[in-house]
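What follows is one structure encoded as structure tokens, with my remarks underneath.
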Amino acid sequence: MGTSRFETLRPATLLSEYVTLRTNRVEDFHAYIAGMAGRIERDYRADVPVELELRHVCTGQVDLVVYFGTIDVTAEATRPLPSPFLVQFPLRGHFVAQFPHGFFDIRPGHGIVISPTQHVRRTSKPGCTLVVSVTSTLLYARAEICTGKPIDECLIFETKILPQAAEPLLEYALTFVDAVDRGVAPAGSPLAQTFENGFVDLLLELQPLQEGRKFHLADASVKLDRVRAVMDYVDTHLDEEFTVARLAEIAGCPVRALQSAFADLCRTSVLAFLKRRRLIAARERLESGMPVESIAAIALECGFTQFGRFSTDYRNEYGETPSETLERSKRPRAPGESERNA
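Per our numbering, numbering through the sequence shown is continuous, rising by one, with the last residue being 343.
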């Protein structure tokens, strides 16, 4: 099969030994499982009996891995962006894992997963782990159908699914996998979409009741996490072109949820915030006193492609033109001058 594309991210010991790996090729996943089985049998024969079987399907909007064995499978907690599949294998004992909205006490026979958009899934059937990743688009669409109204906020799923949920989830997942394996429900087919919808509906239905509701909307702390995710990304990718949809993808929430977060916490729109961050970055560069190739070069570095518009927006924001800021930066500053003009 050639060289594995796995990238070791964080080998460590955390009350139990595990490795973290990344791939977007299920063939690599199978190969790693086989190699891991050999290493476990060699190094942990007395502690971990190894019985490994893996079933995997991806239908476009739902990615299922049904893993039979004694090694737990978990997914990385904080990944706001869609990224290659990421799993962790605790080899023995148990450990406590902290996630954005709670804790998991991971023990043998339990599996958890947090999808790329931070929706939490867990099953607790001994000897079997069900790993589920669902796209935000499908999850929100089915949630709106279940509630009969638009979902404008981020959804928070309970970190503990009801105990009776594990059995029906597993049975449905196995039926789903078998249908895909036999070619009855190929990815994108009407039957596959029916399976996808039914599976997500089951996830929603089996959520623990919260004050009479099966799931609840995000609180201010979650909104703050979304805003911070956008801020962190924008500040390190100023020269990229963004749409609100792209920034919502970065934040891991729908467009309306991101707009609501910025309106509530920043008192501004997403695009107005983006322009403000770029203007701040441009001003910092102009005031730095470092050699500058040209004002146009700084504008491009900060994501401005229309230089006339940049100059106008800059003057409206700071009361002086970019060239005036640059000239002032070359003169000795009086104490507090930069702060007065910020």
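Ideal Cβ positions, reconstructed from N, Cα and C, are used throughout, including at glycine.
Residue i in three-state terms, based on DSSP
| i | result |
| --- | --- |
| Val63 | strand |
| Tyr45 | Here Tyr45 scores only 39 on pLDDT, less than 50, and its place in the model is too uncertain to base an answer on. |
| Met291 | coil |
| Thr176 | helix |
| Arg247 | helix |
| Pro191 | helix |
| Val181 | helix |
| Gly199 | helix |
| Leu239 | coil |
| Ala186 | coil |
| Glu52 | Because Glu52 carries a pLDDT of 45, less than 50, the predicted location of this residue cannot be relied on, and no value is offered for it. |
| Glu145 | helix |
Start and end residues, alpha helix (DSSP H) containing residue i
| i | result |
| --- | --- |
| Glu1 | Since the first residue of the chain shown is 2 and the last is 343, residue 1 is not available in this structure. |
| Gly304 | Premise fails: Gly304 is in no alpha helix (DSSP H) and is neither H nor E. |
| Leu266 | Val256 to Leu266 |
| Ala283 | Val271 to Glu288 |
| Phe311 | Phe308 to Tyr319 |
Test: residue i CB closer than 8 Å to a CB of chain D
| i | result |
| --- | --- |
| Ser289 | Within the model displayed, chain D is absent; a lone protein chain is all it includes. |
8 Å contact criterion, which residue i and residue j should meet: CB distance rounded
| i | j | result |
| --- | --- | --- |
| Val235 | Arg278 | 5 Å |
| Gly290 | Leu239 | The pair is not a contact, with the Cβ atoms about 20 Å apart (cut-off 8 Å). |
| Leu139 | Gln62 | 4 Å |
| Phe196 | Ala180 | 6 Å |
| Ile251 | Val271 | No, Ile251 and Val271 are not in contact; Cβ-Cβ is about 11 Å, not under 8 Å. |
| Glu288 | Thr237 | No, Glu288 and Thr237 are not in contact; Cβ-Cβ is about 20 Å, not under 8 Å. |
| Pro323 | Ser312 | 6 Å |
| Glu318 | Leu280 | 5 Å |
Exercise for review: Determine, using beta-carbon pairs with one atom in the region 224-238 and one in the region 259-270, whether at least three such pairs fall under 8 Å.
Suggested key: Of all C-beta pairs linking the region 224-238 to the region 259-270, three or more are shorter than 8 Å, placing the two stretches in contact.
Point to revise | Stretch-stretch touch, CB-based, cutoff 8 Å, three pairs: the region 245-260 with the region 286-305 | key: no
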